[in-house]
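See below for the structure under consideration.
4 protein chains.
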Amino acid sequence: MQKAYFLRRVGFLYLLFVLFTIEQMCYTNYITKGGGRDMFIEIKANSDVPIYIQLANQLIEGIARGELKPGESLPSVRAFAADLGMNMHTVNKAYHYLEEKEFIQIVAKSGVIIQPNKIPKATADQKQQLADQIRPILAEGIVLKLSEEEMVDMLRELVRDIKEGIQ
Amino acid sequence: MQKAYFLRRVGFLYLLFVLFTIEQMCYTNYITKGGGRDMFIEIKANSDVPIYIQLANQLIEGIARGELKPGESLPSVRAFAADLGMNMHTVNKAYHYLEEKEFIQIVAKSGVIIQPNKIPKATADQKQQLADQIRPILAEGIVLKLSEEEMVDMLRELVRDIKEGIQ
Amino acid sequence: MQKAYFLRRVGFLYLLFVLFTIEQMCYTNYITKGGGRDMFIEIKANSDVPIYIQLANQLIEGIARGELKPGESLPSVRAFAADLGMNMHTVNKAYHYLEEKEFIQIVAKSGVIIQPNKIPKATADQKQQLADQIRPILAEGIVLKLSEEEMVDMLRELVRDIKEGIQ
Amino acid sequence: MQKAYFLRRVGFLYLLFVLFTIEQMCYTNYITKGGGRDMFIEIKANSDVPIYIQLANQLIEGIARGELKPGESLPSVRAFAADLGMNMHTVNKAYHYLEEKEFIQIVAKSGVIIQPNKIPKATADQKQQLADQIRPILAEGIVLKLSEEEMVDMLRELVRDIKEGIQ
DNA sequence: GTGGTCTAGACCACA
DNA sequence: GTGGTCTAGACCACG
């Protein structure tokens, strides 16, 4: 009897732990209406990556895989913030971050749309920036004994995942 | 005569210019004696990447290209900080960051050495972490109309640069 | 034959490109019949300048270059809004903005006319207002290493452009 | 007697009015320590120009007249905000606005400095932007019967004022 | 209803 | 002590 109770208690604690973990890992996993289909946004609360950057990255992936099409409008800062359970300013910051990269256009008092002008191909500067970001990660990969080919495979797989929307 | 003087003056001005530029871009560009050879550490003050991470990354690259060999000792926190003109705490933080990754060993009151045990091949977890870091960068690359092949080429070139120590 | 077709196709694509660009840059590029001649109104949707201010500025330029003459009537709010594809309120606001500056007269239930009374020369107050608006722009110009003469030249050129209706 | 009382009351109301006006017009007129000399920052609370833009403009003038020299550090966002009686975020916004223009450098967790690299001469793009900002003001000047020469004189005077720090 | 601006107050990681 | 980030709540002007 004692044992059964113990087990039940452990089970309960375990459940609590799982719930807590889930809550900590992804405090939001909401849906935003984009065009006809829906789009999942997943934010990790305990990440060292700022929330607004995470949001921006997810939107970038949406653009990358063509789910968010040029000219399409994004939710208003307030509506999006409410959906995602975060503050207006955080969404606003993500939007301005993306506007700086010219991936979206913020039309004051009207709304936010995916860049309707063709996004131009990466300039040498932009490529250099991307390279600077990737470089330390690759160095770490090399130290961890990953061969060049393994890393190339990883890259190809990631590109496929992004384009197919696999988390 | 007039011409020779002119040339010398231009040379001098050019030197000043170079020094000025270097000083502005990287507040440190020092040399640290590791093992037999020297190694350049370059820190960008005006970067959004924390200094201790920049330092750790440069050391990781040193390990990646075999310049820092297993068992070799690194400068003491104090000496390194003095050389690099940065705070002791910063160097310390970089060391602990690398120790956590098990790329180095910190032996209390003795010193710091490059991991003498063979660094094991990346676990699935570690690979996943690397992938998570690369993913948003690739997504941005895709939005900027880089093809998969271009990104693979970029990766291969970066790996070559790292192994050959090209900045 | 092959060549002629090719040229036609290029022309068509170019036309498409131009239309696309115009549509993106300025959501309206309409004509309004004012007096005898026509006048172009160009609104940039993605500007930080409010639309009603943009409209008012274009009308001010029309007055400045004498295209809109004292006593001439402007389109009704309703008709103008329809022509420009914008909200009635916006046109209304532009009109009231201009009326406040005494550049036009709004006669209730009758229409809007360009100020028929001679517009008096700028008062000290008005000059001060203009100066206050220009000042920060000039300061920025100075920081950007523009000489006083360059800025004077810029001013002269702008005055010429305004008077000749060059965009 | 009645009259004296009335006058006193009017005097009191007038005093209140003056105080109110002063408070409304410039709610701050603070000093910030820059190098050896002090610098006046004046913010108009009831202006339609956002506070953070006003602040940025005053700093730009400081740079323009050489009072703020390259490499010099600016107050921390919190200290500056306290001095000016405004919110940290407002100062922060002004700083980021200036950083975007590359007039200052924000070094994370360290401080803010006036751009130490030479600020390059205005590009064609930047000149165009300045021209676009000045144009409507000039058009208004023309309508107010200011001659080109009068406006040139106004510009020269403003440049002199900026360089000599005359408000 | 939209984005823009501003305030107040909080925690964090870096240096 | 610094800037970075995040939240909560407010008012405003534009459309």
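Chains as they are written, first to last, in my numbering: chain D, 15 to 181; chain H, 15 to 181; chain L, 15 to 181; chain P, 15 to 181. The beta-carbon is built from N, C-alpha and C at its ideal position, and this holds for glycine as well. Please read all numbers here as calculations on a predicted model, not as lab measurements.
Unbroken stretches of the beta strand (DSSP E), 3 residues or longer, contained in the region 66-134 of chain D
Runs of the beta strand (DSSP E) inside the region 66-134 of chain D: 118-121, 125-128.
Proximal chain D residues relative to H:F117, where beta-carbon distance stays under 7 Å
V157
Suppose you measure from the CA of D:D175 to the CA of H:G179; what does that come to, to the nearest Å?
32 Å
Please state the DSSP three-state secondary structure of L:I55.
The three-state reading of DSSP puts L:I55 in strand, counting E and B together.
Provide the residue span of the alpha helix (DSSP H) that contains L:H148, from first to last.
Note on residue identity: the sequence assigns Ile, not His, to residue 148 of chain L. Unbroken alpha helix (DSSP H) run through L:I148: 138-157.
Would you say P:K189 reaches chain L, if we count a Cβ-Cβ gap shorter than 8 Å as a contact?
The structure shown does not extend to residue 189 of chain P, since chain P spans only 15 to 181, so no value can be given for it.
Could you tell me whether the Cβ of H:D62 comes closer than 8 Å to any Cβ of chain P?
yes
H:L172 at chain P interface by Cβ criterion, 8 Å
no
Within chain L, the residues that D:A78 reaches when beta carbons sit closer than 7 Å
Ordered by position in chain L, no residue passes the 7 Å Cβ test against D:A78, which lies about 21 Å from the chain.
When the Cα atoms are used, what is the spatial distance from D:I57 to D:Q68?
Cα-Cα distance, rounded: 6 Å.
For H:Q72, which residues in the same chain have their Cβ closer than 6 Å to its Cβ, ignoring the five residues on either side in sequence?
I55
Between the alpha carbons of D:P84 and L:I118, how many angstroms are there, rounded?
41 Å
With 8 Å set as the bound, which would you pick, yes or no: does the beta-carbon of D:K9 sit closer than that to a beta-carbon of chain H?
Residue numbering for chain D in the displayed model covers 15 to 181; residue 9 of chain D lies beyond these limits and cannot be assessed.
Grab me the residues of L:G155's own chain with a C-beta within less than 7 Å of its C-beta, minus the 5 sequence neighbours each way, in chain order.
M165
Could you check the C-alpha separation between D:T137 and L:E75 for me, to the nearest Å?
38 Å
Residue environment, P:Q129, which counts as buried when at least 16 other CB atoms sit within 10 Å
buried
Straight-line gap, D:L172 to P:V173 (C-alpha atoms, nearest Å):
56 Å
L:K135 and P:L158 look like a contact to me (Cβ under 8 Å); what is the Cβ gap, rounded to whole Å?
7 Å
C-beta contact flag for P:T104 and P:A93 at 8 Å
no
Quick check: is the beta carbon of D:V166 nearer than 8 Å to any beta carbon in chain H?
yes
Which term fits L:M102, buried or exposed, when burial requires 16 or more other beta carbons within 10 angstroms of its beta carbon?
exposed
When you compare the CB of L:E86 with every CB in chain P, is at least one pair closer than 8 Å?
no
For D:Y66 versus D:A122, is the C-beta distance shorter than 8 Å?
no
Using a Cβ-Cβ cutoff of less than 8 Å, which residues in the same chain neighbour P:I120 once the five nearest sequence positions on both sides are dropped?
Y109, H110, E113, V126
Which residue from P:Q140, P:D146, P:E116 puts its Cα closest to that of L:Q11?
Look at the range of chain L in this structure, 15 to 181, and you will see that residue 11 of chain L is not part of it.
Along the chain, where does the alpha helix (DSSP H) that runs through P:D175 open and close?
162-178
Quick one: is P:V91 buried, meaning 16 or more other Cβ sit within 10 Å of its Cβ, or exposed?
Counting the other CB atoms within 10 Å of its CB gives P:V91 a total of 16 or more, which places it among the buried residues.
What distance in whole Å lies between the Cβ atoms of P:E162 and L:R170, which are believed to be in contact at a cut-off of 8 Å?
6 Å
If we cut at 8 Å on Cβ distances, does P:G50 have a partner in chain H?
Bear in mind that a pLDDT of 44 at P:G50, under 50, signals an unreliable position, so the model cannot answer this.
What is the DSSP secondary structure of L:Q181, reduced to helix, strand or coil?
DSSP places L:Q181 in coil when its eight states are reduced to three.
H:Q142 to L:N60 span [Cα, whole Å]
40 Å
Quick check: the Cα distance between D:I133 and L:V63, rounded to an integer number of angstroms?
One C-alpha to the other measures close to 24 Å.
Could you round the C-beta distance between H:M53 and H:E86 to whole angstroms and report it? I think they count as a contact, below 8 Å.
Not really, about 11 Å apart at Cβ, beyond 8 Å.
Could you tell me whether any Cβ in chain L is nearer than 8 Å to the Cβ of D:A122?
yes
Could you check whether the Cβ of H:A59 sits closer than 8 Å to any Cβ belonging to chain P?
yes
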